[in-house]
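If you want the numbering used here, it's the position in the sequence shown, counting the first as 1, plus 1. Have a look at the structure below, then the notes.
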Amino acid sequence: MNAEKTTDYEIYLHSDHWQRMKKRTIFLDKYKCRACGTAGTCVSDLHTHHINYDNFGKEKAEDLCILCASCHVSEHEAKELVNIL
Ligand SMILES: [Zn+2]
Ligand SMILES: [Zn+2]
Numbered sequence: 002m003n004a005e006k007t008t009d010y011e012i013y014l015h016s017d018h019w020q021r022m023k024k025r026t027i028f029l030d031k032y033k034c035r036a037c038g039t040a041g042t043c044v045s046d047l048h049t050h051h052i053n054y055d056n057f058g059k060e061k062a063e064d065l066c067i068l069c070a071s072c073h074v075s076e077h078e079a080k081e082l083v084n085i086l
């Protein structure tokens, strides 16, 4: 991922669409990490993870899931996608 794309991605993370999808995913996953079941006490404990990027920019509920910070890191380490949320 080059610097230009990273910037676009950061802008996207502040978009209304992403903020809405994030809240919706947290609600659908009931404030729990989908991998280990740890419940987040606040939104900042819960990371919204892309299961796939097929619909990037217009994600559907099934393209996203909630992970806690540590599962999120291991998920990306496993996939070697450490720069992508
Ligand atoms: Zn977890
Ligand atoms: Zn992720």
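Cβ coordinates follow ideal geometry from the N, Cα and C atoms, glycine included. Note that the structure is a prediction, hence the values are computed from the model and not measured.
Relative to the alpha-carbon of residue i, which residue among the options has its alpha-carbon at the smallest distance?
i	options	result
SER75	LYS59, HIS50, TYR54, PHE57	HIS50
PHE28	HIS48, SER16, CYS37	HIS48
ASN56	TRP19, LYS31, HIS15, CYS34	TRP19
LEU65	GLY38, LYS80, LYS24	LYS24
Is the beta carbon of residue i less than 8 Å from the beta carbon of residue j?
i	j	result
GLY58	TYR13	yes
ILE67	THR26	yes
CYS72	ALA40	no
Just checking my contact of residue i with residue j at CB under 8 Å: how many whole Å lie between their CB atoms?
i	j	result
MET22	GLU78	Incorrect: roughly 24 Å between the Cβ atoms, too far for contact.
ASP46	ALA62	Not really, about 20 Å apart at Cβ, beyond 8 Å.
Any residue with its C-beta under 5 Å from a non-hydrogen atom of ligand 1 counts. Can you list them all in chain order?
CYS34, ALA36, CYS37, THR39, CYS69, CYS72
What residue ranges within the stretch 39–74 form continuous beta strand (DSSP E) runs of no fewer than 3 residues, ordered along the chain?
Segments of the beta strand (DSSP E) lying fully in the stretch 39–74: 47–51, 65–69.
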